[in-house]
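Written out below as structure tokens is the structure these notes cover.
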Amino acid sequence: MQRTAGISHSGQYNTVGGQIAQSNSSTAAAITYQFTLGAGQSMSPGSNRTFAVQTGGTGTVHPTSGDTYTLTYTTGGVQRTQSGTF
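The sequence shown begins at 202 in my numbering and counts up by one.
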């Protein structure tokens with residue numbers, strides 16, 4: 202997430218559970234949120250899983266045009282990456 206005036210990390214959660222480690226880091230330019238599946242863990246195909254982040258702010262408008270996401274996963278022994286914007 203691009204770091205704009207007044208924005209800060211406030212929280213993150215997922216509906217998968219404890220097999221997902223959550224972390225975040227900040228620089229002057231961005232806040233990065235990470236959700237990592239534990240070593241040796243796997244997820245079966247499914248839906249209704251939520252990965253969410255929450256930010257705090259001072260009321261200044263935050264344009265989402267600079268916010269991006271990247272998803273990296275392995276299936277069938279092949280690592281794949283998907284990314285996009287909000």
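Just so it is clear, CB atoms sit at the ideal spot from N, CA and C, and this is done for glycine as well.
- With respect to the C-alpha of Gly260, the residue from Gly207, Ala222, Ser243 having the closest C-alpha is Gly207.
- With a contact defined as Cβ atoms closer than 8 Å, Val279 and Arg250 miss out at about 21 Å.
- When secondary structure is reduced to three states using DSSP, Gly219 falls in the coil class, being assigned neither helix nor strand.
- Beta-carbon to beta-carbon, Thr256 and Met202 are separated by about 7 Å, close enough to satisfy the 8 Å threshold.
- Short of 7 Å from the beta carbon of Gln283, and not among the five residues preceding or following it, lie these beta carbons of its own chain, in chain order: Leu272.
- Closest option to Thr276, judged by alpha-carbon separation, among His210, Ser224, Ser245, Ser227: Ser245.
- Of Ala222, Thr228, Ser226, Tyr270, the smallest CA-CA separation from Phe236 is found for Ala222.
- Within its own chain, the residues whose Cβ lies closer than 7 Å to the Cβ of Leu238, once the five positions on either side in sequence are excluded, are Gln220, Ile221, Met244, listed in chain order.
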